[in-house]
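Remember, our numbering sits 12 above the position in the sequence shown when you count from 1.
Idealized CB from N, CA, C, for every residue including glycine.
Notes for the one structure printed next.
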Amino acid sequence: YPDVMVVRGEPEYHQERTDTINNPQLIIEVLSKSTSNYDRTDKFRAYRSIASFQEYLLLDQDKIYVEHFVKTDPKCWSFREYNQEDEAIALSSVEYQLTLTDIYNKVKL
Numbered sequence: 013y014p015d016v017m018v019v020r021g022e023p024e025y026h027q028e029r030t031d032t033i034n035n036p037q038l039i040i041e042v043l044s045k046s047t048s049n050y051d052r053t054d055k056f057r058a059y060r061s062i063a064s065f066q067e068y069l070l071l072d073q074d075k076i077y078v079e080h081f082v083k084t085d086p087k088c089w090s091f092r093e094y095n096q097e098d099e100a101i102a103l104s105s106v107e108y109q110l111t112l113t114d115i116y117n118k119v120k121l
């Protein structure tokens, strides 16, 4: 399950389960040493099979570092990395912008 998920409109649940949503726009994962490889590979591959999924953020918990993936075509994703506190990330799938300062506020690095 993702750490954070944003849905536009009403959530569409998988079958009768209320813990699995079929229509995320944005998914955010906080990376740990034990899950970072899985979050970048198999988990991302599974998420990409969801038609509504448009944007993926991977947040490093040990340093200021964010990986940002944006769907540009059905099988094409752009990638950008951020590592400066004053950098802003434009989340196009939800029309929102945040800075790395916003993300890492009160995080002890």
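Looking at the strands, I want to know which residues DSSP matches up with residue 56.
By one-based count along the sequence shown, residue 56 stands at place 44. Looking at the DSSP output, residue 56 bridges to nothing.
Length of the line joining the Cα atoms of residue 93 and residue 68
The count along the sequence shown starts at 1 and reaches residue 93 at position 81. The count along the sequence shown starts at 1 and reaches residue 68 at position 56. Our two residues, residue 93 and residue 68, have alpha carbons roughly 12 angstroms apart in a direct line.
Judging by CA-CA distance, which residue of 22, 118 and 50 is the nearest neighbour of residue 33?
Counting from one through the sequence shown, the residue named residue 33 turns up at place 21. Taking only the C-alpha atoms, the option nearest residue 33 is 22.
How about residue 87 and residue 66: do their beta carbons lie closer than 7 angstroms?
Working through the sequence shown from its first residue, we reach residue 87 at position 75. Working through the sequence shown from its first residue, we reach residue 66 at position 54. Remark: C-beta atoms of residue 87 and residue 66 do not approach each other more closely than 7 angstroms.
Assign residue 122 to buried or exposed, taking buried as 16 or more other Cβ atoms, counted over all protein chains shown, within 10 Å of its Cβ.
Past the edges of the chain, shown from 13 to 121, lies residue 122, and the structure says nothing about it.
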